[in-house]
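**Student:** Have a look at the structure that comes next, please.
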Amino acid sequence: MDFEVTIGLEIHVEMKTKTKMFSATPVAFGAEPNTLTSPYDLAFPGTLPLPNKQAVINAIQVSHALHMKIDHELHFDRKNYFYSDLPKGYQITQNRRPIGSDGYLDIEVNRKTNRVEIERLHLEEDTAKQLHFPNYTLIDYNRAGIPLIEIVTRPCIHSSDVAAKYVETIREIVSFLGVSDGKMEEGQLRCDVNISLRKTGDKQYGTKVEVKNINSFNYIKIALEYEINRQKALLEKGEAIVQETRRYDEEHKATQSMRLKTDSVDYKYFPDANIPIIKLSDEFVNNAIKSSKELASAKRSRYQKEFKLNDYDTGIILSNIQIANYFDECAKLSKHYKSIANWIISDILAILNKNALTIDQFEIKPKTLVSLIEEIESGKISNKIGREIFNYMINNHVDIKTAKEKLNITNQQSDDKAIRTLVIEVLDNNAQSIKDYHAGKDRALGFLIGQVMKKSGGKVNPALTSKIMIEELNRRK
Amino acid sequence: MNYLDLTIKEIHEALVNKKVTPLELVNEAIKRAKEDKCNAFEYIMEKEAIEMAKTLTEPEKDNLLWGIPFAIKDNISTKDVPTCASSDILKDYVPIYNATIIDKLLAKKAIPFAKVTLDELAMGGTGATGHLGKTTNPYNNERMVGGSSCGSAAVTASAIVPFALGSDTGDSIRKPASYAGLVGFKPTWGRISRYGLFPFTPSLDSLGFFTRSVYDSATILNAVAGYDMHDFTSSKEKVDDYTSDLDKSIKGVKIAVIKEILDTISDTNIQKKFQETLKIYQDLGATINYVSMDRHLLKTLFPTYYIISCAEATSNNANLDGVKFGLNLEGDTFNDSLIKTRSKGFSERIKRRFVIGSYSLMAENQNELYLRAIKNRHKIVDEINKILKDNDVIFLPASPSTAPKFDNKVDQLEDEYLIADNYMVIANFAGLPSLTLPVGFIDNLPFGFNLTAGAFKEKKLFNIAKALEDKSGFYNLSIRTKK
Amino acid sequence: MKTVDLKRLQIAANRLCFDMSEEEYQTLLNEFKTVVKQMELIAEDKTIDQYEPMVYPFPCDVTILREDEPIKPSSRDEILKNAKNKLAGQIKVKKVNG
Chain A
366 MDFEVTIGLE
376 IHVEMKTKTK
386 MFSATPVAFG
396 AEPNTLTSPY
406 DLAFPGTLPL
416 PNKQAVINAI
426 QVSHALHMKI
436 DHELHFDRKN
446 YFYSDLPKGY
456 QITQNRRPIG
466 SDGYLDIEVN
476 RKTNRVEIER
486 LHLEEDTAKQ
496 LHFPNYTLID
506 YNRAGIPLIE
516 IVTRPCIHSS
526 DVAAKYVETI
536 REIVSFLGVS
546 DGKMEEGQLR
556 CDVNISLRKT
566 GDKQYGTKVE
576 VKNINSFNYI
586 KIALEYEINR
596 QKALLEKGEA
606 IVQETRRYDE
616 EHKATQSMRL
626 KTDSVDYKYF
636 PDANIPIIKL
646 SDEFVNNAIK
656 SSKELASAKR
666 SRYQKEFKLN
676 DYDTGIILSN
686 IQIANYFDEC
696 AKLSKHYKSI
706 ANWIISDILA
716 ILNKNALTID
726 QFEIKPKTLV
736 SLIEEIESGK
746 ISNKIGREIF
756 NYMINNHVDI
766 KTAKEKLNIT
776 NQQSDDKAIR
786 TLVIEVLDNN
796 AQSIKDYHAG
806 KDRALGFLIG
816 QVMKKSGGKV
826 NPALTSKIMI
836 EELNRRK
Chain B
51 MNYLDLTIKE
61 IHEALVNKKV
71 TPLELVNEAI
81 KRAKEDKCNA
91 FEYIMEKEAI
101 EMAKTLTEPE
111 KDNLLWGIPF
121 AIKDNISTKD
131 VPTCASSDIL
141 KDYVPIYNAT
151 IIDKLLAKKA
161 IPFAKVTLDE
171 LAMGGTGATG
181 HLGKTTNPYN
191 NERMVGGSSC
201 GSAAVTASAI
211 VPFALGSDTG
221 DSIRKPASYA
231 GLVGFKPTWG
241 RISRYGLFPF
251 TPSLDSLGFF
261 TRSVYDSATI
271 LNAVAGYDMH
281 DFTSSKEKVD
291 DYTSDLDKSI
301 KGVKIAVIKE
311 ILDTISDTNI
321 QKKFQETLKI
331 YQDLGATINY
341 VSMDRHLLKT
351 LFPTYYIISC
361 AEATSNNANL
371 DGVKFGLNLE
381 GDTFNDSLIK
391 TRSKGFSERI
401 KRRFVIGSYS
411 LMAENQNELY
421 LRAIKNRHKI
431 VDEINKILKD
441 NDVIFLPASP
451 STAPKFDNKV
461 DQLEDEYLIA
471 DNYMVIANFA
481 GLPSLTLPVG
491 FIDNLPFGFN
501 LTAGAFKEKK
511 LFNIAKALED
521 KSGFYNLSIR
531 TKK
Chain C
628 MKTVDLKRLQ
638 IAANRLCFDM
648 SEEEYQTLLN
658 EFKTVVKQME
668 LIAEDKTIDQ
678 YEPMVYPFPC
688 DVTILREDEP
698 IKPSSRDEIL
708 KNAKNKLAGQ
718 IKVKKVNG
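Chains as they are written, first to last, in our numbering: chain A, 366 to 842; chain B, 51 to 533; chain C, 628 to 725.
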């Protein structure tokens, strides 16, 4: 039997604003429990919500990146339910009028473009963090109230590859916009997936199963494949799919039933009168869009068209916003784009991987790297010497100047006259090689240049030496 | 005659002339509070008030609230002072922040004196449903003082304090003001910051106050009105000097009387007094316009209010789970604890209201209940605003009777109940400023009439009220001045 | 709207996380009958759906938002002082189901 898979995704992104969604409480990661709270965050009676401007700007920027219609009025609703991590007993969200609606994202998989339709993007607030023990649970409210955006697709995805690539693209967008770091492992990006299968050609969707708790990009495809195969096997046996919520268990690489969905929960949504309707001017919305940071897709075309970088280099540089930022910093200072890319990809990333560092923690800053590259490109030092200096700087935590002094490196001779003197000296002592050269033996040129190098202690510019050598050889025809 | 028997303005003169000190006022208030027969207190801030009074030694001539003790309805957040909204669910809760209205009064050096009772969580109109039991009427302890701001009305009418803060969602200040012979005022929605007011129905809730004169009411509004960055719904509309036009002539003022509401009042004493009062206004040069409102629509006021307020109250009180503050009863699991705490913490009456509210919000019922109610609210507001377009105020009796007995049974489907007893919610639906003032006594029980003006027309409202107060002679009424 | 019956009211109550006694449900059922009768008054009004649901008493749109500037947070002792059970700077509750 052939089945068609239908997937819809709900992604929550935790934003890295300075304050919470509805209170001016500071936001920071890794703070001591309950040190980043104020009366609103614990729902003290009489406190009122005060919507965060930056969170709204962020939501506009993401909506724009997802080609969505942006509502110029903000309306907030309450979603009512009881849970230990929900201080107010309701969550403020946007049910009636999400800030973003009707967008899309084109996802390319195996050279085929798949359009993922995005139904809505809305603003809401995060819940408290819980730590569960066998007999009790501890609650930390630092996370309670951090701004979230929820991005909901239509049920329009038909393969796990597209679904996984879509999530990655969302992560790329939010991290390049600077809205969130988008780390799934740290819960900054959370993804719930609805999957159903139907016989190819059927009009009705099959029974929907929700999969939660996928907390790494690496697991998305595995979890979805598992779930698709599980449902397929059941259907082939003629068994019914149970409407339920399942969680992904990384240890067993399988989805497991969490709870049955008997009837859908009634959240009793209604408008929150504590927040007036907030009118966003065209100017406000346009400024938010204009001030958006450059998306990966824009960078990609810039790198390839303007900088002439290849697919491979571009891909690696854009794999991470920090690397891209580092590259962009360098590219502002030097036009040797390919060389910058090479250094980052083959030298810097290797060191970072070895030491488990991020590029932001890397001690050689773009300005230093660029000055090293400039010295090499202008012929002041050789590539080899450049790498020696680079390594010395890292190992001994010193600047270029000190590294050069310690390594006893003076700049390559680029002085025409000094090199010519050396060349003449070498030629005077190697009559046979001159004959060989004129007899068409190419190796002779290499040998002669090598001799000049040796005499100079490697400090002559090879290109210039070669040019002068040929001139002098031609004189001695 | 004791200085506490006076109005704020008069006490102020005594303070400035050093005839009395804030400490003496506080000590007298403590004495009176301890003799209270109305069961009006949740917490007397004896120590705090004395301490503050001691620091007040140099009277401020231009600050009428300097050294004036006042009472606070116990659903207003007071830092380090227990606040339980007269509900067991908030047992032992001690807020860690002050409501904006409290901070503003503290800035004026008024002295917070006591936290006073209310109908549980402000959801009621009898003053009989708080966790401490009935709060009674100072004029007759067999009778209601009304609610939900029962304690605030009782202590002001007992002259324990010259003013008390209350909150008004349906008529919770203006109805008790009628039963207790006081000036009870609620401003335009957004005129006073709600930050720190425990929410019942945010789009209907207003803070306000009980005083014994119109002038005092305007004085307090001067101190507490204004935009507050802690409340996004507070208004940026300019704050006026509300005492400045009080004695202006009301010649040419247009007063609307809604016939259909007046007609449902059966008490002939009230009807007679109303006609006399209209005559006063006419003599002062005002025009009386009898206007009409669809009787059928008027009968929907109460159910509209009931559905909206119950629905939103379920959500506003969902934070009361025993986790962060308040009553906490342990069960085997979190869920058990939650159910135990909420089952015990709320009275049965509150729970019934919550169920009605929750039912109205459920997806399958929302269209016929909650949504229909807020559409009907819109219709009512449109009608009221039409009347106020051509008139300065709407003028009507604040209640169809004097304070009822506690065992008073009403038929909730009768017109007098549905209309005359509940029409003042119109001012909450439309967010309008509204004031009740005393106009007379029947069998030694006071009663009042109500004036409602257009949004942000507080100045006009006070002006029209003061004109009546001057002529009626019902000024500075309390059980002490009455005797 | 579903007809009001005991079972539905029990479900509504349970979703609000409290219990009521049998007789309370009876009282509630009677109260509900009154409310439903009163609400029928609105249902009789055929013009009602022409009105937009009213969320605020009057138009009160604003154009401002809160600037993203942090204030000093509450101290942990203060924010937790009203909580009954605490452990390691966190609020401790009984085992959370599910």
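Backbone N, C-alpha and C fix where the C-beta goes; we use that ideal spot for every residue, glycine too.
Model, not experiment: these values are computed from the prediction.
Using a 10 Å radius around the Cβ and a threshold of 16 neighbouring Cβ atoms, would you call P410(A) buried or exposed?
**Tutor:** Position 45 of the first sequence, counted from the first residue, corresponds to residue 410(A). Answer is buried; the Cβ neighbour count reaches 16.
**Student:** Assign Q797(A) to one of two classes, buried (16 or more other C-beta atoms within 10 Å of its C-beta) or exposed (fewer than that).
**Tutor:** The residue you call residue 797(A) lines up with position 432 of the first sequence. Q797(A) should be labelled exposed.
**Student:** Got a sec: which bits of the segment 371-390 of chain B sit with their beta carbon under 8 Å from any beta carbon on chain C, in order along the chain?
**Tutor:** D371, G372, V373, K374, F375, G376, N378, E380, G381, D382, T383, F384, N385, D386, S387, L388, I389
**Student:** Return helix, strand or coil for I315(B), following the three-state DSSP convention.
**Tutor:** Numbered from 1 along the second sequence, position 265 holds the residue referred to as residue 315(B). In the structure shown, I315(B) sits in coil (DSSP, three-state: anything other than H, G, I, E or B).
**Student:** Could you give the DSSP three-state label for K533(B): helix, strand or coil?
**Tutor:** Counting from 1 along the second sequence, the entry for residue 533(B) is found at position 483. Unreliable placement is indicated for K533(B), whose pLDDT of 49 sits below 50; the coordinate value is still reported in the next sentence. K533(B): coil per DSSP, three-state reduction.
**Student:** Would you say K533(B) faces chain A, with C-beta separation under 8 Å as the test?
**Tutor:** Counting from one through the second sequence, the residue named residue 533(B) turns up at place 483. Note that K533(B) scores a pLDDT of 49, beneath 50, so its modelled location is shaky; the value from the coordinates is reported in the next line. False, the Cβ-Cβ gap to chain A never drops below 8 Å.
**Student:** Going by C-alpha to C-alpha distance, which of I146(B), V166(B), Y292(B) sits closest to K509(B)?
**Tutor:** As a first step, residue 509(B) is located in the second sequence; it is residue number 459 there, counting from the start. K509(B) has its Cα closest to that of Y292(B), out of I146(B), V166(B), Y292(B).
**Student:** Let me check one thing: in DSSP terms, what residues is Q717(C) bridge-paired to?
**Tutor:** The residue given as residue 717(C) occupies position 90 in the third sequence. Per DSSP, L714(C).
**Student:** Anything in chain A within Cβ reach of F537(B), meaning under 8 Å, just list it in chain order.
**Tutor:** Because residue 537(B) is not part of the residues shown, which for chain B are 51 to 533, the question remains open.
**Student:** Grouping DSSP H, G and I as helix and E and B as strand, with all else coil, what is N685(A)?
**Tutor:** Indexing the first sequence from 1 puts residue 685(A) at position 320. Residue state, collapsed to three classes: coil.
**Student:** Below 8 Å on the Cβ atoms is my contact criterion, and I expect S403(A) with T382(A) to pass it. Report the Cβ-Cβ distance as a whole number of Å.
**Tutor:** Locating residue 403(A) in the first sequence gives position 38, counting from the first residue. Locating residue 382(A) in the first sequence gives position 17, counting from the first residue. The pair is not a contact, with the Cβ atoms about 15 Å apart (cut-off 8 Å).
**Student:** Just to make sure I have the definition right: I need the residues of chain A whose C-beta is within less than 8 Å of the C-beta of F248(B). Which are they?
**Tutor:** On the second sequence, position 198 is the one that residue 248(B) refers to. For the C-beta of F248(B), the chain A residues within less than 8 Å are, from N- to C-terminus, P410, G411.
**Student:** Please state whether the Cβ-Cβ distance between D55(B) and S528(B) is less than 8 Å.
**Tutor:** As a position in the second sequence, residue 55(B) is number 5, starting the count at 1. As a position in the second sequence, residue 528(B) is number 478, starting the count at 1. Contact flag set, yes.
**Student:** For S699(A), I'd like the list of residues in its chain whose CB is within less than 7 Å of its CB, leaving aside the five on either flank, ordered along the chain.
**Tutor:** By one-based count along the first sequence, residue 699(A) stands at place 334. Closer than 7 Å at Cβ, skipping near neighbours: I705, V735, I738, E739.
**Student:** Name the residues in the segment 148-181 of chain B whose C-beta lies less than 8 Å from a C-beta of chain A; which are they?
**Tutor:** A149
**Student:** Determine, for G510(A), whether the minimum Cβ-Cβ distance to residues of chain B falls below 8 Å.
**Tutor:** Residue 510(A) sits at position 145 when you count from the first residue of the first sequence. No, no contact with chain B.
**Student:** Can you give me the Cβ contacts of Q596(A) inside the same chain, cut-off strictly under 6 Å, excluding the 5 residues immediately before and after it?
**Tutor:** Reading the first sequence from its first residue, position 231 is the one you call residue 596(A). Excluding positions up to five away in sequence, the list reads L562, I606.
**Student:** Going along chain C in order, which residues have a C-beta closer than 8 Å to the C-beta of E397(A)?
**Tutor:** Locating residue 397(A) in the first sequence gives position 32, counting from the first residue. The answer, in chain order, is R703, G716.
**Student:** Between the beta-carbon of N441(B) and the beta-carbon of N339(B), is there less than 8 Å?
**Tutor:** Along the second sequence, one-based indexing puts residue 441(B) at 391. Along the second sequence, one-based indexing puts residue 339(B) at 289. Result yes, Cβ atoms of N441(B) and N339(B) sit closer than 8 Å.
**Student:** What residues are listed by DSSP as bridge partners for Q621(A)?
**Tutor:** Counting from 1 along the first sequence, the entry for residue 621(A) is found at position 256. Answer by DSSP bridge pairing, in chain order: R612(A).
**Student:** Taking all protein chains shown into account, do 16 or more other C-beta atoms lie within 10 angstroms of the C-beta of F497(B), making it buried, or fewer, making it exposed?
**Tutor:** Here residue 497(B) is taken as the residue at index 447 of the second sequence, counted from 1. Label assigned to F497(B): buried.
**Student:** Candidates E438(A), G373(A), A509(A), T733(A): which alpha carbon is nearest Y448(A)'s?
**Tutor:** Walking along the first sequence from the start, residue 448(A) turns up at place 83. Sorting E438(A), G373(A), A509(A), T733(A) by C-alpha distance to the C-alpha of Y448(A) places A509(A) at the top.
**Student:** Which residues in chain A have a C-beta closer than 8 Å to the C-beta of I146(B)? List them in chain order.
**Tutor:** Within the second sequence, residue 146(B) is the residue found at index 96, counting from 1. Simply P404, F409.
**Student:** Are the segment 398-409 of chain B and the segment 257-272 of chain B touching by the rule of at least three beta carbon pairs closer than 8 Å?
**Tutor:** no
**Student:** Taking buried to mean at least 16 other C-beta atoms within 10 Å of its own C-beta, is V460(B) buried or exposed?
**Tutor:** Position 410 of the second sequence, counting from 1, holds the residue named residue 460(B). With fewer than 16 other Cβ atoms within 10 Å, it is exposed.
**Student:** Quick one, which of L717(A), Y668(A), R841(A) has its alpha-carbon nearest R678(A)'s?
**Tutor:** Translated into the one-based positions of the first sequence, residue 678(A) becomes position 313. The residue asked about is misnamed: residue 678(A) is Asp in this sequence, not Arg. The candidate whose alpha carbon is nearest that of D678(A) is Y668(A).
**Student:** Could you please tell me which residues of the segment 91-123 of chain B, in chain order, have their CB closer than 8 Å to any CB of chain A?
**Tutor:** none
**Student:** Let me make sure I understand the geometry here. Which of L115(B), F91(B), D290(B), A103(B) has the alpha-carbon closest to that of F506(B)?
**Tutor:** Here residue 506(B) refers to the residue found at position 456 of the second sequence. Among L115(B), F91(B), D290(B), A103(B), the Cα nearest to that of F506(B) is on D290(B).
**Student:** Is there a C-beta anywhere in chain B that falls below 8 Å from the one on K673(C)?
**Tutor:** If you number the third sequence from 1, residue 673(C) lands on position 46. No, K673(C) does not count as interfacial toward chain B.
**Student:** In angstroms, rounded to a whole number, what distance separates the CA positions of M343(B) and S256(B)?
**Tutor:** Here residue 343(B) refers to the residue found at position 293 of the second sequence. Here residue 256(B) refers to the residue found at position 206 of the second sequence. Going from the Cα of M343(B) to the Cα of S256(B) covers about 25 Å.
**Student:** To the nearest whole angstrom, what separates the beta carbons of S137(B) and F456(B), a pair I think is in contact under 8 Å?
**Tutor:** Numbered from its first residue, the second sequence carries residue 137(B) at position 87. Numbered from its first residue, the second sequence carries residue 456(B) at position 406. About 20 Å separates the CB atoms of S137(B) and F456(B); that is not less than 8 Å, and the two are not in contact.
**Student:** Interface residues of chain C around I424(B) at Cβ under 8 Å?
**Tutor:** As a first step, residue 424(B) is located in the second sequence; it is residue number 374 there, counting from the start. By Cβ distance, chain C contributes P680, M681, V682.
**Student:** In this structure, does DSSP put I774(A) in helix, strand or coil?
**Tutor:** Along the first sequence, one-based indexing puts residue 774(A) at 409. Of the three classes helix, strand and coil, the one that applies to I774(A) here is coil, per DSSP.
**Student:** From which residue to which residue does the alpha helix (DSSP H) around Q665(C) run?
**Tutor:** Within the third sequence, numbered from 1, the residue matching residue 665(C) stands at position 38. Where Q665(C) is concerned, the enclosing alpha helix (DSSP H) stretches over 649-670.
**Student:** So P452(A) contacts chain B; which residues on that side make the cut at Cβ distance below 9 Å?
**Tutor:** Translated into positions along the first sequence, residue 452(A) becomes position 87. Near P452(A) (Cβ distances below 9 Å), the residues of chain B are N369, D371, V373, K374.
**Student:** Please classify H440(A): is it buried, with 16 or more other beta-carbons within 10 angstroms of its beta-carbon, or exposed?
**Tutor:** Within the first sequence, residue 440(A) is the residue found at index 75, counting from 1. Under this definition H440(A) is a buried residue.
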